[in-house]
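Position one of the sequence shown corresponds to residue 1217 (the numbering used here), numbered consecutively onward.
Cβ coordinates follow ideal geometry from the N, Cα and C atoms, glycine included.
See structure below.
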Amino acid sequence: MNGFTYGWVNPLMAFLVACVGAALGLRCTVRSLALPPERRRGWLFLAAASIGCGIWAMHFIAMLGFTVSDTTLVYDIPLTLGSLLVSVAVVGVGVFYVGYRPQGWGTLLVGGTLTGVGVAAMHYMGMAAMALDGHVHYDLGMVALSVAVAVLAATAALWMTLNVRGLWAALVAALVAGVAVCAMHYIAMQAVSVQVDGSVAAAGVPASQLILPVAVGIIVFLTVAGIVVAMSPPEGARDGRDLETEERIQVVLFDGRTRGL
């Protein structure tokens, strides 16, 4: 097996995509918490989609650099797309829990655990979608370690997002999440062993025919989500502008009434 067939190209691209997805998702979560509960849903949906899509794209970009000698790797389409839906859904449960529960350590731990489990669930479902001429085996100890890393790092990223304000804090939280997802992926790949024997006929679609088009679509989605976040002012700024406009209207009305008198 070789997880770095193209050198550091795939890991670096995967890390960048993971950071972008995490940054957008965490910023959307912060935006949601600045709103009344009944108005948070849209931002939380966007947060779940951004983080989930970033995780999925990171995994399969990294998998493009994974090869096994004497066999080809193909992917089951329903399972591959299902792993994307599972990622968004499980991460969504985590961010919605954080978005609608009172802030505290209990909420943080539950939200971080759910988000980390979403990362791990996406990875192992994506691995289940991979087929080759042989059998794939896992070291359960390394599997448990990969899940623990995902949960701990997701909790740390959420804590920084909820408790430390400012641009640098947001960037560091995104980097922590990106490192966590990539570390979880490569630790999980250390749990993999492959026995190539030709006894199992691999059925599926090569990565280049399935993963690349979907990954490009996800990158486009993350770009659009980034534009939405950048173009939408923070709630405090919006409220401030509304208040300023209202004050100006009151001044104009007052002046008009005074002149009329």
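May I ask which residues mark the beginning and end of the alpha helix (DSSP H) holding V1444? Here residue 1444 is taken as the residue at index 228 of the sequence shown, counted from 1. Note, V1444: alpha helix (DSSP H), 1423–1447.
Report all residues from its chain with a CB closer than 8 Å to the CB of V1225; omit the five preceding and five following residues, and keep chain order. On the sequence shown, residue 1225 is found 9 positions in, with the first residue counted as 1. For V1225, where only same-chain residues beyond five positions count, the Cβ hits under 8 Å are G1281.
Mind checking if M1447 is an interface residue toward chain B, Cβ cutoff 8 Å exclusive? Judged by its chain identifiers, the structure shown contains no chain B, having just a single protein chain.
Could you give the first and the last residue of the continuous beta strand (DSSP E) run that contains G1350? Residue 1350 sits at position 134 when you count from the first residue of the sequence shown. 1350–1354 is the extent of the beta strand (DSSP E) around G1350.
Cβ neighbours of A1507 in the same chain (closer than 6 Å, five flanking residues each side left out): One cannot answer for residue 1507 here, as it falls past the ends of the chain, which runs 1217 to 1477.
For the region 1329–1341 against the region 1364–1377, are there 3 or more C-beta pairs whose distance is under 8 Å? yes
Beta strand (DSSP E) containing V1410: first to last residue? Taking the first residue of the sequence shown as position 1, residue 1410 is located at position 194. First-last of the beta strand (DSSP E) with V1410: 1408–1412.
Would you identify the three-state DSSP class for V1290, choosing helix, strand or coil? For this step, residue 1290 is matched to residue 74 along the sequence shown. Of the three classes helix, strand and coil, the one that applies to V1290 here is strand, per DSSP.
So, under 8 Å CB-CB, S1266 and C1244 are touching, yes? Tell me the CB distance rounded to an integer number of Å. Position 50 of the sequence shown holds residue 1266. Position 28 of the sequence shown holds residue 1244. Right, their Cβ atoms sit about 6 Å apart.
Report the rounded CA-to-CA distance for N1218 versus A1389, giving the unit in angstroms. Here residue 1218 is taken as the residue at index 2 of the sequence shown, counted from 1. Here residue 1389 is taken as the residue at index 173 of the sequence shown, counted from 1. Computed Cα separation, rounded: 30 Å.
Among L1378, N1379, A1370, whose alpha-carbon lies nearest the alpha-carbon of V1395? Taking the first residue of the sequence shown as position 1, residue 1395 is located at position 179. If we check each option's Cα against that of V1395, A1370 comes out closest.
Proximal residues to G1342 (C-beta, below 6 Å), its chain only, five neighbours per side dropped: For the purposes of this step, residue 1342 is taken as the residue at position 126 of the sequence shown. So the qualifying residues of the chain are H1275, S1299.
Mapping the DSSP letters down to three states, classify A1347 as helix, strand or coil. Start at 1 with the first residue of the sequence shown, and residue 1347 comes out as number 131. Three-state DSSP puts A1347 in a strand.
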